[in-house]
Structure formats: structure tokens, C-alpha cells
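Novice:
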Amino acid sequence: MIETTLVKMKKIDLKIIFVFALVIFGMSYELRGFADDTSSPTPVYRVYNPRNLEHLYTSSLNEKNTLVRIGWGRFEGVTFYGKNNGDTPIYRLYNFSIRQHLYTADLNEARVLSRSGWKNEGIVFRATVAGSVPVYRLYSSKIKQHLFTTDANEKRVLSAGNFWRYEGIAWYGVSATNSDSDDILLVNHRGNHTEFPENSVESVLSAKYSAVETDIQTTSDGQWVNMHDATVDRTTNGHGAVADLTLAQIQNLYLKNNSGQITQYKVPTLDQYLAACKQKGVIPLIEIKQATATPEQYSDIAMKFEQYGFSSTGYIISGYEEPLSKIESLIPTVNVMYIVEGYSTENVTFAVSLGIKSGLDMGYTNINQQVVEAVHASGIKVGAWTVGDINTLKYLQSIGVDVLTTNY
71 MIETTLVKMK
81 KIDLKIIFVF
91 ALVIFGMSYE
101 LRGFADDTSS
111 PTPVYRVYNP
121 RNLEHLYTSS
131 LNEKNTLVRI
141 GWGRFEGVTF
151 YGKNNGDTPI
161 YRLYNFSIRQ
171 HLYTADLNEA
181 RVLSRSGWKN
191 EGIVFRATVA
201 GSVPVYRLYS
211 SKIKQHLFTT
221 DANEKRVLSA
231 GNFWRYEGIA
241 WYGVSATNSD
251 SDDILLVNHR
261 GNHTEFPENS
271 VESVLSAKYS
281 AVETDIQTTS
291 DGQWVNMHDA
301 TVDRTTNGHG
311 AVADLTLAQI
321 QNLYLKNNSG
331 QITQYKVPTL
341 DQYLAACKQK
351 GVIPLIEIKQ
361 ATATPEQYSD
371 IAMKFEQYGF
381 SSTGYIISGY
391 EEPLSKIESL
401 IPTVNVMYIV
411 EGYSTENVTF
421 AVSLGIKSGL
431 DMGYTNINQQ
441 VVEAVHASGI
451 KVGAWTVGDI
461 NTLKYLQSIG
471 VDVLTTNY
């Protein structure tokens, strides 16, 4: 019995070794052919392995797809762009004993490490200084891993805690997020609703800030529409619960303005809202107003974010846990924020479970310097809702709040 068990274990081990060898061979094969590709710029993909907490970077789409397909890790998006014809080669090394990768632009460092237990896997991409942004390097002594990003806000949030230590600029790349400044994200609450009906397409197209918040929920026939309240009574000339009305019935209604007057504007669908964000050049910040939805409805959100190019820059927020968990599993590159009244260890724990692009979106009256520092120490962002005056806005900016939703 014991011998049979040992034989089975050996077979399993051999399978694992075989798969691992295929992956390494695939990596080496792709890397050898890398220099022949002169397209520019080239996306650098980031894949995360939750089992050994490692991030892997590659410009090989085939390698990325292979690793995700065999379950090695989870694709986290294009974190920056390299240039295959750039002047700075970036080397990737692998250490079999600790199962970790290391990236460096320093050829001498690559040579030294390759003589001391590290395998040089070659040039994974090239970088260039001209017309590029810094790629920041962070290190965690707790998991003994490096992380690279051109997102200055991600760098700032992670380095504010005790888990990651900022090690400076590793090289220069081309930003994939266009967030290469430390500017705080300012969000128009329900769009520019002082001039147009809240959550309307027109409120998006007249937005004052770089992001626009809206609220979505599903109709009786399962379609996402922009609506804050559970009923259409306050914001339209109609009556009844959103969940009891069809999309066609809602689209026959007219929106009211802040004064309660009926306008010529209609209730938009999620698709129309995202199209308006794309046209205006603003970031969508969408609050899911219901506790649950069908798998198809969550997939619809993910598909539309991909369609309009917001999978990495957009935000999904909610006061319910299920929508955030479902969306994060479908779009691991999207920003997700848990809406709460204030800080608690339970709230932080859930937000952290959503990954490094998550955060707590708290009522602004419950936020102070200590709260911001405590949330940042967990490696996630801080959001504030809903600010109504300039002095409070400036104060929250000064203490390091990352996302500010405002009526101002």
C-alpha cells in the first residue's frame, strides 16, 4: 500500500516537473526570438501567482496566455509598454531554488547573478528614456518579491505601508495607465448634475473632472441602466421600481433636473454611459446599487469595460461584497472600491482580499490622517464620498486621499 502510494506520488511529481519544464522551455523559446521583433511599442504583461506571491513580466503574448491557461497565475493587465528597438535591454533571471524572477537593466548585475545560482533567461523587452516615464521598483522583504509599475499612484499607495519598500526607478518605459503623476483622482458625483439631470449622458459630456461617477442597476429584463434610486419616481416622469420595469419602459421616460422639472433627456444604459465616457475622455466610476446579479449580467459589465478600453483605468464601486468579488474575478485589472461609512479592520480585510487595485471608499466625515495612513499601510487606496465644498476637498487632498468624489 505504501509502495503504491509512493509510486503515485512520484507520477504526480513527474507531471509537475514536466509541466514546469514545458513552461520554462516555452519562456526560453520566446525569449530567444524576442530581439527579432522590432514593433514599437510593445505591451509588457503582468501575471500574478497567488501561491508563491510572485509577479512575472513578459512581452510575449504566447507566454502570458500559456501561464494563465495552465493555471500558473492570473493576468493583471498591461502595466507598461516597452520598446523592442529601445536602447535599454531588460534582462530576466530565474532562481530555481527559491522560484523567483528578477528583472534588471544592469548587464553587470545580470552577469554576477547568473554566476551565483540565477539563470539568465535573456532580454524580455527593451526600454528607452526618450519620451518615456519611470518604471518604479518596489520590494517586499516579507515575501521576497519585487513589483514594477509606471503607475505613480500605485507606487505611492504601496510604499506608504509596511509591506512594500520603494527602491527607486528601475528603468524607463511607456505608461499603460497614463497615471504617471501623483494627482488625486477627482470624480464628478453623478456627472455634472448642476447643469444636466444626474447620471445622464449629457452630465458626462459636460463633466468638470477627469472621472465621472454613476449608479447602475438592472431592469426586469436584465439590462443595466443608470439610476440611483430603487424607483424612477424622483428622477423621471415615471413611477415604479427599476427592477419591475423593462428597459423599453424606462427608455420611454424623461429625466428630471435638480429642480424637479421634466427635461428632454432620457435614462441611459450602461453602454451609452461608457460610450460617453470614451467620447469625453474621462474615467468611469460605476457604483453597482444592487446586492446581487446573474453571472451573465456581471459578464456584461466586464465585456463592456473591455469593449470601451476601461479594463485597467475604470473603477467599479459598491456597498455590497458580491458584485466587487465577481467583477474582480472577471476583470482583475480594474480598480474596485468597497463603499463603507468608515474605517474598520473588517472593511480593510475584505478590500485587501480584492487585490492591489482595491480600496475603501468612505464617507468623508469619517476620514482623517490616521485613517488614511492605516488604510495605506494595508496597501490599498482611500476614497472619499461625497465632498461638497472646496475647503474640505483641499484638506482631504492634503492628507493623501486617492479618489475624491465631489458635488463641488
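Just so you know, the sequence shown maps onto residues 71 to 478 in the numbering used here. Backbone N, C-alpha and C fix where the C-beta goes; we use that ideal spot for every residue, glycine too.
1) Hey, which unbroken runs of the beta strand (DSSP E) at 3 residues or more fall wholly within the stretch 354-438?
2) State the Cα-Cα distance for the pair Thr-306 and Ser-388, rounded to the nearest angstrom.
3) Evaluate Arg-181 with the Cβ neighbour count: other Cβ atoms within 10 Å of its Cβ, from every protein chain shown; 16 or more gives buried, anything less gives exposed.
4) Cα separation between Ile-460 and His-298?
5) Using DSSP's beta-bridge definition, name the partner residues of Asn-170.
6) I believe Pro-348 touches Gly-379 by the beta-carbon criterion, under 8 Å. Please report the beta-carbon distance rounded to the nearest angstrom.
7) What are the start and end residues of the alpha helix (DSSP H) that includes Gln-287?
8) Val-352 bridges to which residues according to DSSP?
9) Which same chain residues, not among the five before or five after Thr-284, have their C-beta less than 8 Å away from its C-beta?
10) Please determine, among Val-422, Asp-303, Ser-184, Ser-210, the residue with the shortest C-alpha to C-alpha distance to Gly-330.
11) Since Thr-136 is in the alpha helix (DSSP H), which residue starts that stretch and which ends it?
12) Looking at the secondary structure, which residues open and close the beta strand (DSSP E) in which Leu-315 lies?
13) Please report the distance separating the alpha-carbon of Ser-381 from that of Val-404.
14) Which stretch, first to last residue, makes up the alpha helix (DSSP H) that contains Ile-460?
15) Please report the straight-line C-alpha distance between Gly-458 and Gly-433, rounded to a whole angstrom.
16) Going residue by residue through the stretch 190-237, where are the continuous beta strand (DSSP E) segments of at least 3 residues, counting only ones entirely within it?
17) Leu-424 and Glu-443 - do their beta-carbons sit closer together than 8 Å?
18) Who are the near neighbours of Tyr-478 in its chain, counting only those whose CB is closer than 8 Å to its CB and skipping five residues on each side?
Specialist: In terms of the structure at hand:
1) 385-388, 405-410, 428-433, all fully within the stretch 354-438.
2) Cα-Cα distance, rounded: 23 Å.
3) The C-beta of Arg-181 has fewer than 16 other C-beta atoms within 10 Å across all chains shown, which makes the residue exposed.
4) Between Ile-460 and His-298, the C-alpha separation is close to 25 Å.
5) Note on residue identity: the sequence assigns Gln, not Asn, to residue 170. Per DSSP, Asn-165.
6) Residue identity check: residue 348 is Lys in the sequence provided, not Pro. The C-beta distance from Lys-348 to Gly-379 rounds to 7 Å, short enough to meet the 8 Å contact threshold.
7) Run containing Gln-287: none in the alpha helix (DSSP H); it sits in the beta strand (DSSP E), 281-288.
8) Bridge partners of Val-352: none, in fact.
9) Taken in chain order, the residues that qualify are Arg-260, Gly-261, Asn-269, Val-274, Asn-296, Tyr-343, Pro-354, Leu-355, Ile-356, Glu-357.
10) Closest option to Gly-330, Cα to Cα, is Asp-303.
11) Start and end: 131-139.
12) In the DSSP assignment, Leu-315 falls outside any beta strand (DSSP E), carrying neither H nor E.
13) Taking C-alpha positions only, Ser-381 is separated from Val-404 by approximately 5 Å.
14) Residues 460-468.
15) Rounded to the nearest angstrom, the gap between the Cα atoms of Gly-458 and Gly-433 is 12 Å.
16) Runs of the beta strand (DSSP E) inside the stretch 190-237: 203-210, 215-219.
17) No, the Cβ-Cβ distance between Glu-443 and Leu-424 is not below 8 Å.
18) Cβ contact annotation for Tyr-478 (same chain, cutoff 8 Å, sequence separation greater than five): Val-457, Gly-458, Asp-459, Ile-460, Leu-463, in chain order.
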